[in-house]
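Engineer:
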Amino acid sequence: MSSTDEVAASAPAPVAGAWLHGVVRDADPAALAAIAGMDGAPVRAVSASGLVAVVSTAPLDEYGEQPLRRNLEDLAWLERAARAHHCVVEALARRGPVVPARLATVHTDDTRVAGSLAACRAELEATLNRLTGRDEWGVKGYLVPGVAPASTEPVAAGGVGAAYLRRRRAQLTAREEGQQAASAAAEAVHVALCELAVAGRRHAPQDRRLSGASTPMVLNGAYLVDLVAQPRFTDLVGALGSRHPEIRLELTGPWPAYSFVAERPEPALTVREPW
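FYI, the UniProt record's numbering numbers position 186 of the sequence shown as 186, with every residue one higher than the one before it.
(1) On the three-state DSSP scale, how would you describe R134?
(2) So who's on the other strand from E250, going by DSSP bridges?
(3) Determine whether the beta carbon atoms of L32 and V43 lie at a separation below 8 Å.
(4) Out of A16, V15 and D226, point me to the one whose CA is closest to R130's CA.
(5) Does DSSP put A41 in a helix, a strand or coil?
(6) Sort R208, A181, A81 and V88 by Cα distance to W255 and report the nearest one.
(7) What span of residues does the beta strand (DSSP E) with D26 cover, start to end?
(8) In terms of residue numbering, what span does the beta strand (DSSP E) encompassing residue 280 cover?
(9) If we ignore side chains and look at the alpha-carbon of each, how far apart do E65 and L72 end up?
(10) How would you call G37, buried or exposed, if buried means at least 16 neighbouring beta carbons within 10 angstroms?
(11) Under a Cβ-count criterion, where at least 16 other Cβ atoms within 10 Å of its own Cβ denotes burial, should S242 be classed as buried or exposed?
(12) For A53 and V106, which I take to be in contact (beta-carbon distance under 8 Å), what is that distance rounded to the nearest angstrom?
(13) Can at least three beta-carbon pairs, one atom from the stretch 115 to 122 and one from the stretch 218 to 233, be found at a separation below 8 Å?
(14) Quick one: is R208 buried, meaning 16 or more other Cβ sit within 10 Å of its Cβ, or exposed?
(15) For L251 versus V261, is the C-beta spacing smaller than 8 Å?
(16) Tell me the rounded alpha-carbon separation between S183 and A82.
(17) With burial defined as no fewer than 16 other Cβ atoms inside 10 Å of the residue's Cβ, what is the status of D74: buried or exposed?
(18) Taking Cβ to Cβ, would you say H244 is nearer than 8 Å to A188?
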């Protein structure tokens with residue numbers, strides 16, 4: 001065995017990695033000192049290739065690959081981790097453009113983080129340029145029951161059973177028409193918002209258990225909006241809600257631009273986000 005192999009074999013295994021929150025152009029150390037990371041301690045900066053990665057110390061007995069895979073199945077743990085990660089990204093976004101990292105992007109050490117910045121430098125710089133002066137806004141649309149006109153048929157001959165079948169058929173037809181009208185309204189709203197936004201995306205509708213709404217979600221849109229256009233964007237959402245009573249619109253934001261980050265540093269520990 002060579003001396004290099006002997007040193008590598010005798011080197012202690014790392015006990016803590018680096019949970020990546022996001023990438024920025026620069027970071028004020030005093031500002032970072034006020035932001036709590038995954039372990040409750042302040043986040044820190046890893047600088048390389050003219051960029052800054054903001055990371056948390058991540059003990060590998062909890063955030064290593066195998067522990068993470070187990071923890072991602074624990075909804076309570078996942079909720080806490082996602083909230084802590086988002087709080088850091090949100091704090092960074094208040095100070096300027098940030099490229100958010102995937103949830104559970106953990107590198108074994110800061111050297112790997114720096115290597116990731118170097119490897120993705122061009123993509124990260126392009127993304128930061130695209131996000132400068134812009135925020136993400138979310139617009140969700142929920143079906144409003146009973147807006148589509150229900151068909152009314154006079155009771156004809158055939159008795160009570162035939163009348164019940166006619167009423168039931170009319171109810172099903174009205175429900176189907178209502179869903180079709182809501183879907184068409186959602187598409188019209190999305191198209192109108194995209195005309196004002198820099199970019200727009202439609203995500204899959206959330207299940208009612210996740211959305212907490214009593215009616216189905218028919219629009220789950222994300223929109224990248226220039227800061228100067230945001231008052232007009234929020235006004236447009238209100239106007240579209242009045243124009244399309246078939247759906248109830250819900251505006252959220254501004255958010256860090258999670259939906260408009262195409263390129264992100266690859267994790268050293270390959271743990272994918274759970275959704």
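Virtual Cβ for every residue (Gly too), placed ideally from N, Cα, C.
Only a predicted model underlies this, so the values are computations on that prediction, with no experimental measurement involved.
Structural biologist: A quick look at the data gives this:
(1) Strand.
(2) K140, per the DSSP bridge assignment.
(3) Annotated as proximal: L32 and V43, with beta-carbon spacing under 8 Å.
(4) Here the closest residue by C-alpha is D226.
(5) Judged by DSSP in its simplified three-state form, A41 adopts coil rather than helix or strand.
(6) Put simply, of R208, A181, A81 and V88 the residue whose alpha carbon is nearest the alpha carbon of W255 is V88.
(7) DSSP places D26 in no beta strand (DSSP E); its state is neither H nor E.
(8) One cannot answer for residue 280 here, as it falls past the ends of the chain, which runs 1 to 275.
(9) Each residue's alpha carbon lies about 11 Å from the other.
(10) With 16 or more Cβ atoms within 10 Å of its Cβ, G37 is classed as buried.
(11) S242 should be labelled exposed.
(12) Wrong, their Cβ atoms sit about 12 Å apart, outside the cutoff.
(13) Output reads no: the stretch 218 to 233 does not touch the stretch 115 to 122.
(14) Of the residues assessed, R208 falls on the exposed side of the cut-off, its CB having fewer than 16 other CB atoms within 10 angstroms.
(15) In this structure, L251 keeps its C-beta atom at 8 Å or more from the C-beta atom of V261.
(16) If you take the alpha carbons of S183 and A82, they lie about 31 Å apart.
(17) Exposed.
(18) Cβ atoms of H244 and A188: closer than 8 Å.
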